[in-house]
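Quick note, the sequences are listed as chains A and B, same order.
Counted from 1, the first sequence has number 236 at position 236 by the numbering used here; the numbering is strictly sequential.
Counted from 1, the second sequence has number 185 at position 185 by the numbering used here; the numbering is strictly sequential.
Glycine residues also receive a C-beta, built at the ideal position from the N, C-alpha and C atoms.
For reference, the structure discussed in these notes is given below.
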Amino acid sequence: MASTESPVRRGIGDRLYEFTVQNRVWRSIFRSGYPNTPRNQMLAIATNVFLHLHPTRIHRTHVKITHTFCLGGLSFFLFLGLTVTGVLLMFYYVPSVERAYEDMLALETDVRFGLLMRNLHRWMAHGMVLTVLLHMMRVFYTGAYKPPREFNWVVGVVLLVLTLLLSFTGYLLPWDELAFWAITVGTDMVGSAPILGQPNRFVLIGGYDVGANALIRFYTLHVIGLPLLAAIFMAVHFWRIRRDGGLARPL
Amino acid sequence: MAVARGAQAGAEPVSRAVRARQVRRREEELLVWPDLVFVEFISAVLFTLTLTLLAIVINAPLQDRANPAHTPNPSKAPWYFLNLQELLLHMHPALAGVVVPTVALVALAAIPYFDTDTDRQGEWLSTPRAWPNLIVGSVVGVVGTALLIGWDSQRHVLAYERWVGSWPESLEWLRSARALQGEIAAWLPASLSSIPLGEKVLRTDLLGLPAVDLNVNLPAVLIEQMLPTGLMVGLPVLLSLVAWRSGLAYTRRDHMILQFSGFIAVFIALTVSGTALRGEGMEIFWPWEVRPAES
Ligand code: HEM
Chain A
1 MASTESPVRR GIGDRLYEFT VQNRVWRSIF RSGYPNTPRN QMLAIATNVF LHLHPTRIHR
61 THVKITHTFC LGGLSFFLFL GLTVTGVLLM FYYVPSVERA YEDMLALETD VRFGLLMRNL
121 HRWMAHGMVL TVLLHMMRVF YTGAYKPPRE FNWVVGVVLL VLTLLLSFTG YLLPWDELAF
181 WAITVGTDMV GSAPILGQPN RFVLIGGYDV GANALIRFYT LHVIGLPLLA AIFMAVHFWR
241 IRRDGGLARP L
Chain B
1 MAVARGAQAG AEPVSRAVRA RQVRRREEEL LVWPDLVFVE FISAVLFTLT LTLLAIVINA
61 PLQDRANPAH TPNPSKAPWY FLNLQELLLH MHPALAGVVV PTVALVALAA IPYFDTDTDR
121 QGEWLSTPRA WPNLIVGSVV GVVGTALLIG WDSQRHVLAY ERWVGSWPES LEWLRSARAL
181 QGEIAAWLPA SLSSIPLGEK VLRTDLLGLP AVDLNVNLPA VLIEQMLPTG LMVGLPVLLS
241 LVAWRSGLAY TRRDHMILQF SGFIAVFIAL TVSGTALRGE GMEIFWPWEV RPAES
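Structure (structure tokens):
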């Protein structure tokens, strides 16, 4: 509002702009004016539920790319991208021993952009494991886990485990040789624990061998159980960053 | 309720962190819009583009349909678990597959509760001696892991036989962990290789529970459990001791950087070994000799 007062002559662009933003529909959606004044810039963050994950102001050292290398943000970005591509893949994939592999083949050949979606999902999943590990290292080497951020580091470790489990459960779904044997080797490790190993392995894969039960269990965990948990822990993670006074900086 | 309890015990109702929040100086702050939102937007765009390009150029693997009757050689877990699978080759499966990862995760989560000194927090490696500790920790981690893996895969024996002659009989126990186990078994009374704990001591069947089939093989316990545990606990402790005596690591943060860097280095070394160096039969090869499993 404040500074949209036109200077000398108003061109077609200015009039188009005013026509777009100065009407009741636009105003009902975006309540603050164009973010070109400090006040409107802060309102743009504070009145938007998504942007509101941020504070409105931030210490200047934290804007430098080399401080965080955007790694936490990229992990979150990859999580969102995996959700989008994952939902698209779910349209075509049926988690049964008879159909899973055929669906993968069909996805790659018969579905428009199916191969691209599958590739994206796969590389984003590997990428997320990497960015989360790197993010952990950046937090460590900047000493950003110290009080009062101890608990957020613990939340982070939980997120790391959830990320690995998400990737691992997804690994079985194509039901090819790679998937089957990787999960067999992986769950055999669980089974080797003293006393509780075998019962745990049995619960995890729903039997003594990786089969139809394991597929449906991994699928359910992969598409709803673990993403839900991860989203909850991410909400806590982000909330705590704000509560702990933003990112760590020297006292 | 919470307030009442706090007041009664004289305890602090809220933690120190909540009462004394760090002061913020307006003049040192920037507006999130545009300064941060812009950076985030650009990196999101760059990442989307890079990933899309990657997904166009490289296809996700899809092998033949799963066939439980046919085990590929080698069969490997996903890459981020290959560090554990590498460990599995050198020690008892319960140790490598369950105990080590559990202990590692708990230790990782416990870091901030041991290293609480907030001096120089929020800056890259800015405490004194941070870099030397990082470098020493990483180098020791990589070299130590390589040496141990090399020893257990008899690389030194191969080198010796290639350049000198056949490996001396008297040094048989230095061949590998397995060879050492064989030597110990030959040296100890045979009865110690099979101690029937289940039958004699843990008589669960007397309690109406299923009988425990526990047969302790002392040489196996020594080599598969005691030796690796001793190394995995002892070597980091030794590293910290040496670093402390030599003045390299002084504060807790120093030791944390030393140990964490060592841990990351070992993690990477194990992952690389499990991924790139292990071929058929999980034997060790040069990376260019490793062929993917044939199916
Ligand atoms: C799915 C996984 C994760 C996501 C999406 C995530 C996201 C984020 C984001 C967006 C930030 C803001 C600063 C930045 O980008 O670096 C952050 C900060 C932080 N993260 Fe994570 N994170 C994840 C995993 C972890 C892990 C594995 C750890 C540690 C073990 C961790 C510990 C922390 C801590 C302590 C901070 C505060 C850093 C500071 O004050 O400078 N996070 N996280």
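At a CB-CB cut-off below 8 Å, which residues of chain A make contact with residue i?
i	result
T71(B)	W181
N215(B)	Result: empty, since nearest Cβ-Cβ is about 14 Å, beyond 8 Å.
S75(B)	W181, A182, T184 and V185
I264(B)	M137
S153(B)	None at all; the shortest Cβ gap to chain A is about 19 Å.
Q22(B)	G245, R249 and L251
Q85(B)	V185 and M189
Locate the alpha helix (DSSP H) running through residue i, then write down its first and last residues.
i	result
I224(A)	Looking at the DSSP string, I224(A) is not in any alpha helix (DSSP H), and its letter there is neither H nor E.
Y250(B)	Where Y250(B) is concerned, there is no enclosing alpha helix (DSSP H), given that its DSSP letter is neither H nor E.
D176(A)	Unbroken run through D176(A): none, as it is neither H nor E.
H135(A)	G114 to Y141
L88(B)	L82 to L88
S240(B)	L227 to R245
V100(B)	V100 to F114
Start and end of the beta strand (DSSP E) containing residue i?
i	result
L31(B)	E29 to L31
So, with DSSP's three-state summary, where would you put residue i?
i	result
N73(B)	strand
I205(A)	helix
R9(A)	coil
G281(B)	helix
R254(A)	No information on residue 254(A) is available, as it lies outside the stretch 1 to 251 that chain A covers here.
R65(B)	strand
E123(B)	coil
R24(A)	helix
M91(B)	coil
W239(A)	helix
S43(B)	helix
M234(A)	helix
R217(A)	helix
P147(A)	coil
I58(B)	coil
R21(B)	coil
G97(B)	helix
G246(A)	coil
W286(B)	coil
V210(A)	coil
A269(B)	helix
I195(A)	coil
L251(A)	coil
D35(B)	helix
R26(B)	helix
D117(B)	coil
P219(B)	helix
P78(B)	coil
P128(B)	coil
Please list, in chain order, the chain B residues whose beta carbon lies closer than 7 Å to that of residue i.
i	result
P194(A)	A94
T142(A)	G122, E123 and W124
P55(A)	V32
Below 8 Å on C-beta distance, what does residue i contact in chain B?
i	result
Y101(A)	R65 and A66
S167(A)	P78 and Y80
R118(A)	A60
Cβ closer than 9 Å: which chain B residues qualify as neighbours of residue i?
i	result
Y145(A)	I111, P112, D115 and Q121
W123(A)	L51, L54, A55, I58 and A60
D176(A)	P61, L62, Q63, D64, R65 and A66
I58(A)	E29, L30, L31, V32, D35 and L36
M104(A)	L62
Starting from residue i, find everything on chain A with Cβ-Cβ shorter than 9 Å and list it in chain order.
i	result
R129(B)	Correct list: empty, because the minimum Cβ distance to chain A is about 13 Å.
Under 7 Å Cβ-Cβ, which residues of chain A neighbour residue i?
i	result
L188(B)	None at all; the shortest Cβ gap to chain A is about 24 Å.
D254(B)	Going along chain A, no residue has its Cβ under 7 Å from D254(B), so there is no contact; the nearest lies around 12 Å.
L270(B)	Within chain A, no residue comes near L270(B); the closest Cβ sits about 14 Å away, beyond 7 Å.
So is the beta-carbon of residue i under 7 Å away from any non-hydrogen atom of ligand 2?
i	result
G73(A)	Of the ligands one can find in the structure shown, namely ligand 1, none is ligand 2.
Practice prompt. Could you pull out every unbroken alpha helix (DSSP H) segment of at least 4 residues lying fully inside the region 27 to 69 of chain A, listed in chain order?
Written response: 38 to 46 and 65 to 68
Fill in: alpha helix (DSSP H) runs wholly inside the region 82 to 112 of chain A, at least 4 long, in chain order
100 to 109
Worksheet item: Which runs of the alpha helix (DSSP H) spanning at least 4 residues fall entirely within the region 153 to 217 of chain B, listed in chain order?
Response: 155 to 163, 177 to 187 and 197 to 200
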